[in-house]
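J.: Numbering (our numbering), first residue to last: 10 to 91.
All C-beta atoms in this analysis are idealised placements derived from N, C-alpha and C, irrespective of residue type, glycine included.
Keep in mind it's a predicted model, so treat the numbers as computed, not measured.
This is the structure, below, for whatever I ask next.
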């Protein structure tokens, strides 16, 4: 199972509810204000970008990254919680 992060910038409408509900369904952990971490199997970063892109507005920014190694300092959470 791979570890992924999502970072987003919801620009105009800022409808966080839909995105937060989906992150909760993914059992994601909040790392920083707009960065979450989650585990997924049998997918890719582009697939996840497209998936979360359907949950956000066309002007919102999304960055998905598969994590191979990580370190943190003064964060809200860490991938250890997954």
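Is the segment 66–81 touching the segment 31–38, taking contact as three or more C-beta pairs under 8 Å?
T.: Cβ pair count under 8 Å is below three, so no.
J.: Determine the closest residue to residue 86 out of 38, 57, 25, with distance taken between C-alpha atoms.
T.: Reading the chain shown from its first residue, position 77 is the one you call residue 86. Among 38, 57, 25, the Cα nearest to that of residue 86 belongs to 38.
J.: Could you give the distance in angstroms between the alpha-carbon of residue 42 and the alpha-carbon of residue 59?
T.: As a working note, residue 42 is residue 33 in the chain shown. As a working note, residue 59 is residue 50 in the chain shown. Using only the alpha carbons, I get a separation of about 22 Å.
J.: Is residue 17 buried or exposed, if buried means 16 or more other CB atoms sit within 10 Å of its CB?
T.: Here residue 17 refers to the residue found at position 8 when the chain shown is read from its first residue. Under this definition residue 17 is a buried residue.
J.: Residue 59 lies in the alpha helix (DSSP H); which residues open and close that run?
T.: The count along the chain shown starts at 1 and reaches residue 59 at position 50. Where residue 59 is concerned, the enclosing alpha helix (DSSP H) stretches over 54–62.
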